[in-house]
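A.B. asks: Numbering (the numbering used here), first residue to last: 1 to 970. Take this structure, written in structure tokens, and hold onto it; I'll ask about it next.
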């Protein structure tokens, strides 16, 4: 087939003439075969059309964007296909309109061209074949190809004479398949010429072994593991992992067909195995004596590089192990300066940013410093080494605290991976932008109602119900496996109970759950009655709404035999509960928790921190989360319920505390864990959206560089500063331009005088609002009443410039944008101000400074002085239409307010507790937070200006992420 789309009829005629002189390769026959369902032909064209759809800036379609109808049309035009065949191909292979990766990067010298990548692709091709065998779609593979390429092309060219290090960070989602990305990066990197790969894989050997096994199975392959050993000679297999202990999955490991070095490629030598972490270079010193075909030339010279084996180590992120590796590498002289190396740091935020507690954030720096310091030593020993960290949060400490170790600050690039298809993430547990009132939501239109079960203080703690859900969901998995659904995803079935950090609490809780299990009566009539009621009221209804295509029993009686089978699996060995809270490898070696080597893990897991950091709980279906602790530093890590749930998404349930006590004594407060987690997830999603906005180049140059990311993070976590007291971020955020974007400040003051001051600032705007409400909305969306008025841009600026903030630097870059638009004189004329009115029976209304009445919105601060979200989602669409962002709405009232250079501002008078309304209907301005959101008109867009502008405090070191506090040269 063609590597680029060309005239199909001419190519087919030439192929027929040269290789198949009697064959009919006409477009008509091609079309007929597709219509008749020729699967091999469809698969072939799916692969090529998807590759062309995903191609980045191809010379043959440079004016089109990847993964769009326009790109597909350009492909068809190049192929000169007729209309009927185009339609048939579109039906057979729809355009995968999935988001690509977001890349924030410094300028770099391109070297990893398509020609170079395709010329040396032995291990990437093997990995791609493996992914297809696992059932990955063409679009998923193309997306991985694109994302891994974005990393590799920003590393240094392994063949270049001058040594250069590149450092970057790849940001995925919790439990979202980051390992697949770094396996792809590793495959492409070694194909390109990197000959030493060090993977830092977790803090426990169990986690390290999982990573080793994954790389061995999907990349390194059988022939490299056997190293010439004869599988028929049992004596030669002694000591070789997987084959010497009859690993059940050995046949699933990649097969290259022969030793890669015999196939014109190169071998991979493992310096660690599944069971053995790095110990010493006794054999490793010899293993690192790379053989040069041309001894007079350096190892990185192409004449040597592509004929020598690659070495791979998967090591624990452990001080003693890394110290040993650093010590041994120091014994190797001369060669290290010639050796292209890659360091992959999985879970690089192991001691993660504490998003809730600044003091805990600072305390975590010691733990990070020891490991990061050793990684820095590795980088100094290996001048041609590249560092790529992987994390599940864009607020990773390695990005926001570059003062820890400047050596591993990812100064060259950040790649934010898209949310993968089939992934269950925050959007699947929270109704983030639902416009439907809570009381009207159903299992069908509410993800929260479908998957989340509230646990309230003082009420029944619902632990028995959670355990019943675990048994019932296990029975449904077994039922589905016997009714035509692939049962491989049901191999493991787990429930996670996470309620405390204290080991004594874990033991007590495990004992309670064990007692409950034996008293639950799952084989008795009462037990079946309880499960039948849960099936009817919950699981049957959710599955009908969210999994109508999956087999389901018509009545609970059909499930009875599967309930018994599930009960037997969970209770096997007389041990339904496993406590997971140890710190040592020896502890974990004793647990029946090796998801790779144990045929079935159907257990209830009780634990704390070890279950929230790096530990993948396979088959997790039911989570019970009520962690009561004086710290809230685990909220970012608690999303173990996120991940891929093929064939059982509808069965996933989260039981979560809505009234949990944090702290003690006078510092005690009640926290809604569900809402607290939602607040953090919102911040992450908004930050990812910001990165996507700032990623496109302007005039061929990046709008944002990695060194400028820390002040952007500080917009969301204002207390995060470099941990070294004498350091400060060098980049200062000056301006954020946001034409057509809903912007919502959240850092409002807390002291009564400032609240009163801000309320009085808004008085001229309140005066301009209509006394009679009007009805706003968009066609097909919810309608709402609001008081509406118009103020000039100059009058609004006078208000905004006088407001007080708890974190002034959060709003000042947006204010600079609006001030600049005012100086322009031609981009904003005025603003339509919208004050939404509530209509529910529970609404609160009051007069404000003699105007109104206005509806008072109830909101709570989620982190310090910061609110999470002020808006009501149903107000967004009309505001965006007024600002000219969207097309006409069908609402005449909205359309009357649309002007070419008009912005929209939505005003939310907020109260944080029950408002105190005076006898005249007014509210004390000291009790009001005058929240607002705005959408600047499209007229403020400037294609020649970046969306963000920074000022380097030390202009002589613009690429430096941090500088000394006393080094403030202009």
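We put the beta carbon where it would ideally sit given N, CA and C, even for glycine. Predicted, not measured: the structure shown is a model, and the values here were computed from it.
1) With respect to the beta strand (DSSP E) encompassing residue 934, which residues constitute its N-terminal and C-terminal limits?
2) What is the C-beta distance between residue 750 and residue 925, in whole angstroms, given that I count them as a contact (C-beta under 8 Å)?
3) Roughly how many whole angstroms lie between the Cα atoms of residue 971 and residue 237?
4) Terminal residues of the continuous beta strand (DSSP E) containing residue 389?
5) Residue 316 by DSSP, collapsed to three states: which one?
6) Cα-Cα, which of 952, 806, 415, 227 is closest to residue 101?
7) Cα separation between residue 756 and residue 928?
8) Could you tell me which residues DSSP pairs with residue 792 in its beta bridges?
9) In the DSSP assignment, find the beta strand (DSSP E) that holds residue 413 and state where it starts and stops.
10) Mapping DSSP to helix, strand and coil, what is residue 376?
11) Taking residue 142 as the reference, which of 244, 66, 156, 565 has the closest Cα?
12) Whole angstroms is fine: what's the gap from residue 159's alpha carbon to residue 713's?
13) Comparing C-alpha positions only, which one of 233, 255, 487, 45 sits nearest to residue 216?
14) Which residues mark the beginning and the end of the alpha helix (DSSP H) in which residue 28 is found?
15) What are the start and end residues of each continuous beta strand (DSSP E) run of 3 or more residues lying completely inside the region 488-518, in chain order?
16) Going by DSSP in three states, residue 326 sits in which element: helix, strand or coil?
17) Give the secondary structure of residue 523 by DSSP, where H, G and I count as helix, E and B as strand, and everything else as coil.
18) Can you grab the Cα-Cα spacing for the pair residue 36 / residue 94, in whole Å?
19) Suppose contacts are defined by Cβ-Cβ distances below 9 Å. Is residue 468 in contact with residue 540 by that definition?
20) Could you tell me whether the region 671-683 touches the region 425-439, using the rule of 3 or more Cβ pairs below 8 Å?
21) Given 8 Å as the limit, is there contact between the region 897-905 and the region 824-833, that is, 3 or more CB pairs closer than that?
22) Using only the alpha-carbon positions, how far apart do residue 478 and residue 491 sit?
23) How is residue 216 classed by DSSP in three states: helix, strand or coil?
24) For residue 779 and residue 391, what's the separation of their Cα atoms in angstroms?
25) Any beta carbon from chain D within less than 9 Å of residue 795's own beta carbon?
26) Rounded to whole angstroms, what's the CA-CA distance from residue 125 to residue 747? Just pull it up for me.
27) Tell me whether the region 165-177 and the region 321-330 touch, counting them as touching only if at least three CB pairs, one residue from each stretch, are closer than 8 Å.
28) Check whether the region 727-747 touches the region 870-878, counting contact only when three or more Cβ pairs, one atom from each stretch, lie closer than 8 Å.
29) Going by beta carbon distance, what residues of the same chain come within less than 6 Å of residue 783, once the five residues before and after it are set aside?
30) Within 10 angstroms of its Cβ, does residue 69 collect 16 or more other Cβ (buried), or is it exposed?
31) Which one or two residues does DSSP pair with residue 949 in a beta bridge?
32) Could you say which of 953, 270, 626, 680 lies nearest to residue 656 if we only look at CA atoms?
33) When the Cα atoms are used, what is the spatial distance from residue 473 to residue 9?
34) Are the region 115-135 and the region 206-216 touching by the rule of at least three beta carbon pairs closer than 8 Å?
35) Taking Cβ positions, are residue 905 and residue 796 nearer each other than 9 Å?
36) Could you pull out every unbroken beta strand (DSSP E) segment of at least 3 residues lying fully inside the region 154-236, listed in chain order?
C.D. replies: Once the coordinates are examined:
1) Working through the chain shown from its first residue, we reach residue 934 at position 934. Unbroken beta strand (DSSP E) run through residue 934: 929-935.
2) For the purposes of this step, residue 750 is identified with residue 750 of the chain shown, where counting begins at 1. For the purposes of this step, residue 925 is identified with residue 925 of the chain shown, where counting begins at 1. Residue 750 to residue 925, Cβ: 14 Å. No contact.
3) There is simply no residue 971 to check, as the chain begins at 1 and stops at 970 in what is shown.
4) As a working mapping, residue 389 is identified with position 389 in the chain shown. It spans 385-391 - the beta strand (DSSP E) in which residue 389 sits, taken as one unbroken run.
5) Here residue 316 refers to the residue found at position 316 when the chain shown is read from its first residue. Note: residue 316 maps to coil in three-state DSSP.
6) By one-based count along the chain shown, residue 101 stands at place 101. Checking every option, the nearest Cα to that of residue 101 belongs to 415.
7) In the chain shown, the residue the question calls residue 756 occupies position 756. In the chain shown, the residue the question calls residue 928 occupies position 928. Computed Cα separation, rounded: 7 Å.
8) Residue 792 sits at position 792 when you count from the first residue of the chain shown. Beta-bridge pairing links residue 792 to 830.
9) To locate residue 413, count along the chain shown from 1; it is residue 413. Its beta strand (DSSP E) spans residues 413-416.
10) Within the chain shown, numbered from 1, the residue matching residue 376 stands at position 376. Residue state, collapsed to three classes: helix.
11) For this step, residue 142 is matched to residue 142 along the chain shown. For the residues 244, 66, 156, 565, the minimum Cα distance to residue 142 belongs to 66.
12) Within the chain shown, numbered from 1, the residue matching residue 159 stands at position 159. Within the chain shown, numbered from 1, the residue matching residue 713 stands at position 713. Rounded to the nearest angstrom, the two C-alpha atoms are 36 Å apart.
13) Here the question's residue 216 lines up with position 216 in the chain shown. The candidate whose alpha carbon is nearest that of residue 216 is 255.
14) Locating residue 28 in the chain shown gives position 28, where the first residue counts as 1. Here the alpha helix (DSSP H) through residue 28 covers 27-35.
15) Segments of the beta strand (DSSP E) lying fully in the region 488-518: 493-498.
16) Looking up residue 326 in the chain shown gives position 326. In the structure shown, residue 326 sits in a helix (DSSP, three-state: H, G or I).
17) In the chain shown, the residue the question calls residue 523 occupies position 523. DSSP places residue 523 in coil when its eight states are reduced to three.
18) Taking the first residue of the chain shown as position 1, residue 36 is located at position 36. Taking the first residue of the chain shown as position 1, residue 94 is located at position 94. Rounded to the nearest angstrom, the two C-alpha atoms are 18 Å apart.
19) The residue labelled residue 468 in the question sits at position 468 within the chain shown. The residue labelled residue 540 in the question sits at position 540 within the chain shown. Here residue 468 is not near residue 540, since their CB atoms are 9 Å or more apart.
20) yes
21) yes
22) Residue 478 sits at position 478 when you count from the first residue of the chain shown. Residue 491 sits at position 491 when you count from the first residue of the chain shown. Answer to the nearest angstrom: the Cα atoms are 10 Å apart.
23) As a working mapping, residue 216 is identified with position 216 in the chain shown. Assigned with DSSP and collapsed to three states, residue 216 falls in helix.
24) Numbered from its first residue, the chain shown carries residue 779 at position 779. Numbered from its first residue, the chain shown carries residue 391 at position 391. Roughly 41 Å between the two C-alpha positions.
25) In the structure shown, chain D cannot be found, because there is only a single protein chain.
26) Position 125 of the chain shown, counted from the first residue, corresponds to residue 125. Position 747 of the chain shown, counted from the first residue, corresponds to residue 747. Each residue's alpha carbon lies about 50 Å from the other.
27) no
28) Contact between the region 727-747 and the region 870-878 is present, because at least three Cβ pairs lie under 8 Å.
29) For the purposes of this step, residue 783 is identified with residue 783 of the chain shown, where counting begins at 1. If we look at residue 783 and ignore the five residues flanking it on each side, its Cβ neighbours are 775, 777.
30) The residue given as residue 69 occupies position 69 in the chain shown. Burial call: exposed.
31) One-based indexing of the chain shown puts residue 949 at position 949. Note: residue 949 sits in a beta bridge opposite 735.
32) As a working mapping, residue 656 is identified with position 656 in the chain shown. Among 953, 270, 626, 680, the Cα nearest to that of residue 656 belongs to 626.
33) For the purposes of this step, residue 473 is taken as residue 473 along the chain shown, with counting starting at 1. For the purposes of this step, residue 9 is taken as residue 9 along the chain shown, with counting starting at 1. If I take the Cα positions, the gap works out to 54 Å.
34) Touching, no.
35) By one-based count along the chain shown, residue 905 stands at place 905. By one-based count along the chain shown, residue 796 stands at place 796. With contacts defined as CB atoms closer than 9 Å, residue 905 and residue 796 qualify as a contacting pair.
36) 167-171, 196-200
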